[in-house]
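K.L.:
Sequential numbering from 634 applies to the sequence shown in the numbering used here. For each residue, glycine too, the CB sits at the ideal point set by N, CA and C. Because the structure is a prediction, the values reported are computed rather than measured. Structure incoming, see below.
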Amino acid sequence: MHEQHYPQSSSFQATILCQKDIYVRPDQLLCLVLLFRPRLDIIDIYAGIFSTKLKMRARDSYFPIFQSPEDMPNLQGRTAIVTGGACGIGGEIARALAIHKCRVIMVNARAKQGTEAVSQIRKEVGQDAAIEWRYCDMTDLIQVQEVFSSLCDELPRLDLCILGSGIDQAHFTTDLHCIDAYFGMMWLGHFYASNLLWPLLRRTSRITGAPAPRVIFEAPGQQRSKSVADDSSSDEEDIRRTAYDAEVCSEIFRRSRTSMILGVRHGLAERIAKRHHDNIYAIAVQPSKALSDASSHPRRDSHWQPSDLCDHVLDTLSKDDHFTVRSSSRIVLYAATSSDVENEYLNGAYLVDVGVSGREKDLAADPSLGPGFWDISERAIKAVVGKDAMVPWDQEWVRSPKDDVSA
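See below:
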């Protein structure tokens, strides 16, 4: 039996939604059909998702949720702060926002990544792209106070605050305040930044015709950790220690994620936004594929969706190396720009996919823990920065001399 060849220029490949980088042979598609044969009732569902995923891989699709760049709302005049925005998911988010005319301020602790990201985005979007980079180590609370207080003073408005630093941490460490880096960066540093920026967010929410500002915390499903099978050490004790460390890191990571969800829903959304009648949305999101850096090893989420299976299949069949990062950013961009957030009042929501709310487990679903956790968070910040570190949550925005933009 002669082997049948399917050249890349075949009409079959050219007709698969006109994707230049997707090469799928008929026998590969047959394998997919056989894979789902025991459940023929869901083939139609997967076929629809599969078709949509192929369309999302188009080179001109800067916002993977939608079928074309024009479908993403025009962000002209809006301002966004993106922490961890110099690479991976953060870089893709900053790129998408800049393409749609949003002023973007990337914040991270790696100067080389920051300058290269700005240069790359301007090269692609245009030299007039409103994008800049600021240095800040989110585990250094004193530095957080300096940088974000300065941003609050100099910016005339702030529409989006996307907080994603720390989701690519691979190992357990403690920061310079002797706080574990997962909790210190993913929650404590971002929580403090939100407090410092809240007066400006409140002011922006009162601009006539402006969409409600949004504060978005990224909370991936599971941290990336070194595989024991990949350990080059032959010493059994070292292997056991590696496995133990991975288990400890995983538990600490889950607790940090629980803290984030608890703080967003029962803290920022209910305790602050609702109590003070602020038209500000606080949302926690889990990137649909927990891959924060294009050079990182992929991590499996705790919420495995049908769309993730299709992503996995297409990753195998496709030559598009950047799709995983683009796909991961879609839930964050959805939370940042979709009208569904206001129409369905998703304040305090925990989203695991586009339009899909996740189910909080155990402590994260217990509202009685909210006040205590809130108090602990504020006390931890005051212990490091000082008793006057926190900006009063009911404080109004004070007009800056640099603000020559009328509401």
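#1: I think Gly-797 touches Glu-851, with their Cβ atoms under 8 Å apart; what is that distance to the nearest whole Å?
#2: With distance defined between alpha-carbon atoms, name the residue in Gln-709, Thr-748, Arg-890, Met-1023 nearest to Cys-735.
#3: Under the three-state reduction of DSSP, which class applies to Glu-851: helix, strand or coil?
#4: DSSP state of Ala-917, grouped into three classes?
#5: Quick one, are the C-beta atoms of Gly-988 and Arg-898 less than 9 Å apart?
#6: Quick one: Cα of Ala-915 to Cα of Pro-1025, how far?
#7: Might you give, ordered along the chain, the residues of its own chain that have their beta carbon closer than 6 Å to the beta carbon of Leu-793, omitting 5 neighbours on each side?
#8: Leaving aside the five residues before and after Ile-726 along the sequence, list all residues of the same chain whose C-beta is less than 7 Å from its C-beta, in chain order.
#9: Suppose you measure from the CA of Met-602 to the CA of Ile-764; what does that come to, to the nearest Å?
#10: So what does Ala-902 bridge to, in DSSP terms?
#11: With DSSP collapsed to three states, give me the class of Glu-765.
#12: Arg-839: buried (16+ other C-beta within 10 angstroms of its C-beta) or exposed?
#13: Assign Gln-753 to one of two classes, buried (16 or more other C-beta atoms within 10 Å of its C-beta) or exposed (fewer than that).
#14: What residue does the alpha helix (DSSP H) around Leu-833 start on, and which one ends it?
#15: Give me, in chain order, the residues of the same chain whose beta-carbon lies closer than 7 Å to that of Gly-981; leave out the 5 immediate sequence neighbours on both sides.
#16: Going along the chain, which residues of its own chain have a beta-carbon closer than 6 Å to the beta-carbon of Pro-1000, five neighbours each way excluded?
#17: Using a Cβ-Cβ cutoff of less than 7 Å, which residues in the same chain neighbour Ala-744 once the five nearest sequence positions on both sides are dropped?
#18: Using CA coordinates, which residue listed in Val-737, Gln-776, Asp-1027 is at the minimum distance from Val-1017?
#19: Taking Pro-920 as the reference, give the member of Leu-791, Val-758, Ser-1010, Ser-960 with the closest Cα.
#20: For Leu-788, which residues from the same chain have a beta carbon less than 7 Å from its beta carbon, with the 5 sequence-adjacent residues on both sides left out?
#21: Using CA atoms only, rank isn't needed, just tell me which of Leu-895, Pro-844, His-910 is closest to Glu-975.
#22: Taking C-alpha atoms, which residue in Thr-841, Trp-820, Glu-1029 lies nearest to Ile-849?
#23: Along the chain, where does the alpha helix (DSSP H) containing Tyr-978 start, and where does it finish?
#24: For Val-617, which option in Ser-972, Ser-892, Met-893, Leu-984 has the closest C-alpha, if you only look at C-alpha atoms?
#25: For the beta strand (DSSP E) holding Arg-736, just list the boundary residues, first then last.
P.N.:
Per the coordinate set shown:
#1: Numbered from its first residue, the sequence shown carries residue 797 at position 164. Numbered from its first residue, the sequence shown carries residue 851 at position 218. Gly-797 to Glu-851, Cβ: 4 Å. Contact.
#2: In the sequence shown, counting from the first residue as 1, residue 735 sits at position 102. For Cys-735, the closest of Gln-709, Thr-748, Arg-890, Met-1023 by C-alpha to C-alpha distance is Gln-709.
#3: Counting from one through the sequence shown, the residue named residue 851 turns up at place 218. Correct three-state label for Glu-851: strand.
#4: As a first step, residue 917 must be located in the sequence shown, where it is residue number 284. Strand, per DSSP.
#5: In the sequence shown, counting from the first residue as 1, residue 988 sits at position 355. In the sequence shown, counting from the first residue as 1, residue 898 sits at position 265. Between Gly-988 and Arg-898, the CB-CB gap reaches or exceeds 9 Å.
#6: Numbered from its first residue, the sequence shown carries residue 915 at position 282. Numbered from its first residue, the sequence shown carries residue 1025 at position 392. Straight-line Cα distance between these residues: approximately 18 Å.
#7: Locating residue 793 in the sequence shown gives position 160, counting from the first residue. Around Leu-793: Ala-713, Arg-847, Ala-969.
#8: Position 93 of the sequence shown holds residue 726. Here the set comprises Val-715, Gly-718, Ile-795, Ser-962, Val-965, Leu-966.
#9: Here the chain has residues from 634 to 1040 only, and residue 602 is not among them.
#10: If you number the sequence shown from 1, residue 902 lands on position 269. Answer is none; Ala-902 lacks a bridge partner.
#11: If you number the sequence shown from 1, residue 765 lands on position 132. Looking at Glu-765 - three-state DSSP - the assignment turns out to be strand.
#12: Residue 839 sits at position 206 when you count from the first residue of the sequence shown. Per the 10 Å Cβ criterion, exposed.
#13: Your numbering for residue 753 matches position 120 in the sequence shown. It is exposed - the Cβ of Gln-753 has fewer than 16 other Cβ atoms within 10 Å.
#14: Reading the sequence shown from its first residue, position 200 is the one you call residue 833. Counting along the chain, Leu-833 sits inside the alpha helix (DSSP H) bounded by residues 823-838.
#15: Here residue 981 refers to the residue found at position 348 of the sequence shown. Closer than 7 Å at Cβ, skipping near neighbours: Val-897, Arg-898, Ala-902, Glu-903, Ala-915.
#16: Counted from its first residue, the sequence shown places residue 1000 at position 367. Correct list, in chain order: His-899.
#17: Taking the first residue of the sequence shown as 1, we reach residue 744 at position 111. The answer, listed in chain order, is Tyr-768.
#18: Counting from one through the sequence shown, the residue named residue 1017 turns up at place 384. Among Val-737, Gln-776, Asp-1027, the Cα nearest to that of Val-1017 belongs to Gln-776.
#19: Counted from its first residue, the sequence shown places residue 920 at position 287. Among Leu-791, Val-758, Ser-1010, Ser-960, the Cα nearest to that of Pro-920 belongs to Ser-960.
#20: The residue labelled residue 788 in the question sits at position 155 within the sequence shown. Taking C-beta separations shorter than 7 Å and ignoring five residues to either side along the sequence, the partners of Leu-788 in its chain run Thr-712, Leu-833, following chain order.
#21: If you number the sequence shown from 1, residue 975 lands on position 342. Glu-975 has its Cα closest to that of Pro-844, out of Leu-895, Pro-844, His-910.
#22: Working through the sequence shown from its first residue, we reach residue 849 at position 216. When each option's Cα is compared against that of Ile-849, the closest is Trp-820.
#23: For the purposes of this step, residue 978 is identified with residue 345 of the sequence shown, where counting begins at 1. Neither: Tyr-978 is in no alpha helix (DSSP H) and is coded neither H nor E.
#24: Summary: the structure shown does not reach residue 617, with the chain confined to residues 634 through 1040, and so no result is reported for it.
#25: Within the sequence shown, numbered from 1, the residue matching residue 736 stands at position 103. From DSSP, the beta strand (DSSP E) with Arg-736 extends over 736-741.
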